[in-house]
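To start, the structure itself, in structure tokens.
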Ligand code: DSN
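Numbering (our numbering), first residue to last: 1222 to 1699.
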């Protein structure tokens, strides 16, 4: 396929949009420029292929298709059936899963589908059956309490937020924290690693219905075989949220004990992180949970997004190609090179390194909060996000960490030498940033000073670093 085809497709699309609302066309163009020029180190972001992006921009968006393949609540879904079935087939083949449900719109949605499927599978509840025919969003607070009481205050054990777990694993601001009585397992304060004996102890004491594995900020492999054994020992359903590392599973970098699919009863993921697909979610499960999982819509999901399912089919087909395994391996090589570059320059890293796609810098070593570091790096053209570190004294808003990841830069083609240069840029900015003070002289967790000349210089160096690895080289909008 000619590169010209990609330019023509996107140029034509923008021309059509511009004729209606030019500001939207301009914003789309500006976003491409911004993404091309910034050093994107957000561990959960990536760049989907032009084919994946184009599969989303069409009339599939116009179609309602509630239900499942071959069993819809609307007529005329034959083409949606084709793409949904294709996406599910690619997902099953790619991950070796018995069943795949590709309708969830996001990772949170995928987790909600999984939670309700497990509840419906494990707990006898007339209230739940009633809720299954209504949208969960329609339930009142009183309905929730009645439902939760009838469900027997079911329990969830997941990784704590500050140790790298995710909000949807039972934490209060998320609906999972209202559905479940939640307890967390953390990491060993000395090593930063999951202590499986402590997880087993917590499971024995708490007796959860669901044991959740998976993370959004833990830089190491997780042994899912051991977690499954723990789940089995207390009769829990073992669920893994692999949103962050799905690409590493797809690319066979995480295999054996570190591949969640053969070990978990149910696995959820997003499709847009290391998997490099469209923004969306997905659930994989063992056969006994398939019927309940397929009730995701209308139980907790609005109608499926056929255009996104089409894009999932494209991206999953891409992930089945041999070059995706090479991509996945390079993600980890790059993360390790970045970690080594930072360590060599004196940075403090949670767990002392990485064996997946992300690195967590404890920026208290630079005398900064995560928020100060995040902003100073952004001033310098380096896009990251602040993140809690284990037992974080600065809480979830200011934090003490910066999470960085390599899926996006690896897609652009940057390699280990450029990761060392990236480490140098990050270290330079963080050593040159000084924590600021409030008006009353007390230390501020947000204010900082960084010489704007230095920030500009680093931003130029970041742009130079990216110049030899253009983003979407086949797309010229000029
Ligand atoms: N927002 C995602 C992340 O950045 O990890 C997880 O939901």
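Ideal placement from N, C-alpha and C gives every residue a C-beta, glycine not left out.
Any non-hydrogen atom of the ligand DSN closer than 8 Å to residue i Cβ
i            : result
residue 1552 : no
residue 1492 : no
residue 1437 : yes
residue 1265 : yes
residue 1692 : no
residue 1599 : no
residue 1496 : no
residue 1238 : no
residue 1582 : no
residue 1387 : yes
residue 1331 : no
residue 1326 : no
residue 1606 : yes
residue 1465 : yes
Pairwise C-alpha distance: residue j and residue i
i            : j            : result
residue 1637 : residue 1264 : 17 Å
residue 1521 : residue 1322 : 13 Å
residue 1243 : residue 1564 : 47 Å
residue 1417 : residue 1423 : 10 Å
residue 1469 : residue 1658 : 42 Å
residue 1674 : residue 1631 : 29 Å
residue 1427 : residue 1378 : 8 Å
residue 1295 : residue 1518 : 13 Å
residue 1540 : residue 1471 : 7 Å
residue 1642 : residue 1576 : 20 Å
residue 1285 : residue 1545 : 32 Å
residue 1653 : residue 1672 : 8 Å
residue 1669 : residue 1684 : 24 Å
residue 1690 : residue 1697 : 15 Å
residue 1451 : residue 1679 : 48 Å
residue 1572 : residue 1414 : 6 Å
residue 1233 : residue 1501 : 26 Å
residue 1350 : residue 1585 : 49 Å
residue 1625 : residue 1635 : 15 Å
residue 1621 : residue 1438 : 13 Å
residue 1536 : residue 1261 : 21 Å
residue 1250 : residue 1405 : 43 Å
residue 1307 : residue 1290 : 10 Å
residue 1381 : residue 1238 : 44 Å
residue 1236 : residue 1326 : 28 Å
residue 1651 : residue 1580 : 15 Å
residue 1278 : residue 1373 : 45 Å
residue 1699 : residue 1246 : 13 Å
residue 1505 : residue 1444 : 19 Å
residue 1447 : residue 1662 : 50 Å
residue 1532 : residue 1567 : 42 Å
residue 1288 : residue 1303 : 14 Å
residue 1241 : residue 1257 : 26 Å
residue 1283 : residue 1524 : 11 Å
residue 1478 : residue 1442 : 9 Å
For residue i: DSSP bridge partner residues
i            : result
residue 1502 : 1491
residue 1460 : 1433 and 1487
residue 1403 : 1377
residue 1289 : 1292
residue 1321 : 1505
residue 1260 : 1603
Residue i CB to nearest heavy atom of the ligand GTP below 8 Å
i            : result
residue 1328 : Among the ligands modelled here, namely the ligand DSN, the ligand GTP does not occur.
9 Å Cβ cutoff, residue i in contact with chain B
i            : result
residue 1503 : The structure shown has no chain B; it contains just one protein chain.
### Message
For the region 1385 to 1403 against the region 1431 to 1441, do three or more pairs of beta-carbon atoms, one drawn from each stretch, fall closer than 8 Å, so that the two count as touching?
### Response
Enough Cβ pairs lie closer than 8 Å, so yes.
### Every unbroken alpha helix (DSSP H) inside the region 1577 to 1655 [4 residues or more]
For the region 1577 to 1655, whole alpha helix (DSSP H) runs of length 4 or above, ordered along the chain, are 1591 to 1600, 1616 to 1619, 1628 to 1633 and 1637 to 1653.
#### Entry: Contiguous alpha helix (DSSP H) assignments of at least 4 residues, all confined to the region 1650 to 1691
Within the region 1650 to 1691, the runs of alpha helix (DSSP H) that reach at least 4 residues and sit entirely inside it are, in chain order, 1673 to 1688.
### Task
Examine the Cβ distances between the region 1510 to 1528 and the region 1579 to 1591 and report whether three or more of them are shorter than 8 Å.
Touching, no, given that fewer than three Cβ pairs across the two stretches are closer than 8 Å.
### Query
Where are the beta strand (DSSP E) runs, 3 residues long or more, that stay fully inside the region 1382 to 1428, in chain order?
Those beta strand (DSSP E) runs which fall completely within the region 1382 to 1428 and span 3+ residues are 1402 to 1406.
### Query
Would the region 1330 to 1347 and the region 1457 to 1464 be scored as touching if the rule is three or more Cβ pairs under 8 Å?
Output reads yes: the region 1457 to 1464 touches the region 1330 to 1347.
#### Entry: Touch test, the region 1267 to 1286 against the region 1612 to 1620, Cβ-Cβ under 8 Å, three pairs minimum
No: the two stretches stay apart, fewer than three of their Cβ pairs being nearer than 8 Å.
### Query
For the region 1520 to 1578, which segments carrying the alpha helix (DSSP H) assignment without a break, of at least 4 residues, lie completely within its bounds, in sequence order?
Entirely contained in the region 1520 to 1578, the alpha helix (DSSP H) runs reaching 4 residues are, in chain order, 1527 to 1540 and 1543 to 1565.
### Query
How do the region 1479 to 1488 and the region 1525 to 1532 stand: do at least 3 beta-carbon pairs fall below 8 Å, yes or no?
Contact fails: fewer than three Cβ-Cβ distances are below 8 Å.
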